[in-house]
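Working notes for the structure below.
Residue numbers (this note's numbering), protein chains in the order written: chain W, -3 to 382; chain E, 31 to 162.
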C-alpha cells in the first residue's frame, strides 16, 4: 500500500522525528452535511479553492519533501469534481492518498476515485442507529443509510489486498452509548475504527475545527461514563476488535474529555510535532500548522521554493510561535503520529499492525448485508459500558 | 434542522476577526481582557438570509445587525468555469485575494460592532493582510 518513498519517510520519522510523514490537505470547505460537532466547513470558507494546476505543483513539492501520506479532506472531498485527478496527482508521485468522506458519494465517484489510485478510505460513522446518525449529521434524513451504501460500494471497488478502510467516529455526549457498537460493526465488516473526542471552544478562542456549541461539552457527571466507555473499548481492542487507536491515545481521550492536560506531547516539551512530522494545507494551498490554526502570513505549498521554505529556520520559528501557545488537541492523526514516533511501545504496536497479516476482508458486502450486520450488532445481548 | 452554512461561516469569521484584534492588544492586558470578555459574551441569531444579529453583555448589553452578504465564501476551484473565473482575476499561483478581502470585510464588521458596543478601539486594530 505504501510506496518506497513513503516507507523511507516513515523510517526517517521514527529515527529523527523530522520527516513530514503526514499532511492533511483540506481540498474544499464545501460540504453536503452540517454535522453538529464540525466547524471546519465554516472556518475554511473564506479562502478560495486552489485549482488542479496548483494541486499538481503541491503534489510535486510533497513528493520532493518525501511526504508519506496525504489525507484528502474538507468539507466533503467527493464534492470536488476533480477528485480523481487530485488523487492521481499524489499517487503517481508516490505519495499515498487517504480519502475521507461523509458517505454521500455516488457509485460513479467512488469508482473513479479507486480507479485513480485511491485505496485507503475513512468514512464518518458515529452510530449504528440511523436516527441518531442523521441527527448528528445535522438532521439529514437517510444520511446513515447513504453512508452504508457508500461503504458497500467501497467494498465492491477496493481491492481486498493492499487497501485500508476505516470508520471515523467522534466520541461525544450524544453517542457515548453507541461507541462499542460502531467498533463491533466495523470489525464485522473488516473495517477499522478510529475515535476522536469532540472538540469545543469559545468565541474568544476560535479554533478552526472546534465547535462553539457549549452543549457538546462533557459534563462532570458524564466523566465516569466516558472513562467506562474508553476502558471497555480498550478491552475490546485486546479481544481482537479492529480499533486503530493506541493505548496512550485512549488514556488521553479520558483526560481531554475532562479538560485535563494530555500526555502525548510530553516528550516534546508539551508541543506537538508540527511541522516536523505533519502539517495541514488549506483549500487555497497555503500551509498551516494544523487544522485548528493558521499562520499569520500566506505561504503557498504550490510555490517552487516551498521545500526550501519548509526546512528554513524562519518557517520553523513561525510555526513554533503558534504550537508553543496551543493547549493541545486530540485530532486522532496528529497525536497518533507523535505517539507512534516518540513512544517505543506505540512504535512497536504500529509496526506489528503493519507487519501482521491484515484481517481477512470478507468483501464485497452489499448494502443489505451491511444493514443486516448493523441489526445483528444492535440486538446483541452484550453488556455495554453505558 | 440543518445548520445555515453561510450564517455559521459568517459567525466564525466575525469572531476570528475579533480574535485578531484581541491578539493585537496582547501588550495591553486590560484592553485584551475587555475584548476577550466581549467576545466571550457574544450570541448570534439569523433573522434572514445574509444577515446576523449579534448581542453582547460586555461592557454593557447591546445588539447589532451585520449584513454579511458581501463576503465571498466558498469560492470553487474545481469546475472549468470556476477555474476560468479565477484565471480572469489573476488568482492562480498568487496570494489569495479572496481571503484577504474577506479578512478585511470581517475586520471592518467587528470594529463597527465594537464601536457600537462602546469598546475602547485599539490604535492598531490588527487588520491582517495574511491570516490566511
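Beta carbons are placed, not taken as given, at the ideal position from N, Cα and C, and that holds for glycine.
For clarity, every value in this text was computed on a predicted model and none was experimentally measured.
Not a single CB atom of chain E sits nearer than 8 Å to the CB of residue 321(W). When CB distances to chain E are screened at a threshold of 9 Å, the residues of the region 129 to 149 of chain W falling below it are 133, 134, 135 and 136, in chain order.
For the pair residue 51(E) and residue 134(E), the Cα-to-Cα distance works out to about 12 Å.
For residue 182(W), the enclosing alpha helix (DSSP H) has its first and last residue at 175 to 184. Cα atoms of residue 110(W) and residue 11(W): separation of roughly 33 Å, rounded to the nearest angstrom. In terms of Cβ geometry, residue 104(E) and residue 41(W) form a close pair [threshold 8 Å]. Residue 240(W) counts as buried, since no fewer than 16 other beta carbons sit within 10 angstroms of its beta carbon. Of the candidates 128(W), 275(W), 354(W) and 295(W), 275(W) places its Cα closest to the Cα of residue 319(W).
Residues of the region 78 to 102 of chain E with a C-beta less than 7 Å from any C-beta of chain W: none at all. Look at residue 120(E): its C-beta is not under 8 Å from any C-beta on chain W. Residue state for residue 382(W) is assigned as coil, using DSSP reduced to three classes. DSSP places residue 96(W) in the strand class (E or B) of the three-state scheme. Here residue 95(E) carries a strand assignment [DSSP, helix/strand/coil]. Counting of Cβ neighbours within 10 angstroms places residue 88(W) among the exposed residues, the total staying below 16.
Taking a C-beta distance under 8 Å as the contact criterion, residue 39(W) and residue 280(W) do not qualify as a contact pair. Each of 156(W), 91(W), 102(W) and 63(W) was checked against the Cα of residue 76(W), and the nearest Cα belongs to 102(W).
Straight through space, the alpha carbons of residue 182(W) and residue 143(W) are spaced by roughly 13 Å. Annotation: the continuous beta strand (DSSP E) that includes residue 86(E) extends over 81 to 86. Annotation for residue 129(W): the continuous alpha helix (DSSP H) segment containing it runs 126 to 132. Listed along chain E, the residues sitting closer than 7 Å to residue 77(W) by beta-carbon distance are 108 and 109.
With a threshold of 8 Å between beta carbons, residue 282(W) makes contact with chain E.
By the criterion of at least three beta-carbon pairs nearer than 8 Å, the region 102 to 118 of chain E is in contact with the region 42 to 60 of chain W. Taking 8 Å as the CB threshold, residue 93(W) stays off the interface with chain E. Within 8 Å of the CB of residue 66(E), the CB atoms of chain W belong to 200, in sequence order along the chain.
Under the three-state reduction of DSSP, residue 331(W) is assigned to helix. Selection 141(W), 115(W) and 26(W) evaluated against residue 368(W) yields 141(W) as nearest (Cα-Cα). Against chain E, the CB of residue 41(W) has a partner CB under 8 Å away; the residue lies at that interface. Sequence-ordered contacts of the region 79 to 109 of chain W with chain E are nonexistent [C-beta pairs closer than 7 Å]. Secondary structure at residue 68(W): strand, using DSSP grouped into helix, strand and coil.
The residues 112 and 113, in chain order, have a CB closer than 7 Å to that of residue 84(W) in the same chain once the five nearest residues on each side in sequence are set aside.
Residues of chain W with a Cβ closer than 9 Å to the Cβ of residue 150(E) do not exist; the shortest Cβ-Cβ separation is about 16 Å. As a beta-bridge residue in DSSP terms, residue 282(W) pairs with 296(W). Listed along chain E, the residues sitting closer than 9 Å to residue 35(W) by beta-carbon distance are 38 and 42. Within the same chain, and ignoring the five residues on either side of residue 21(W) in sequence, the residues whose Cβ sits closer than 8 Å to its Cβ are 54, 66, 67, 68, 69, 276 and 277. Among the residues facing chain W, residue 70(E) is included, as its CB has a counterpart in that chain under 8 Å away. Bounds of the alpha helix (DSSP H) holding residue 12(W) are 0 to 12.
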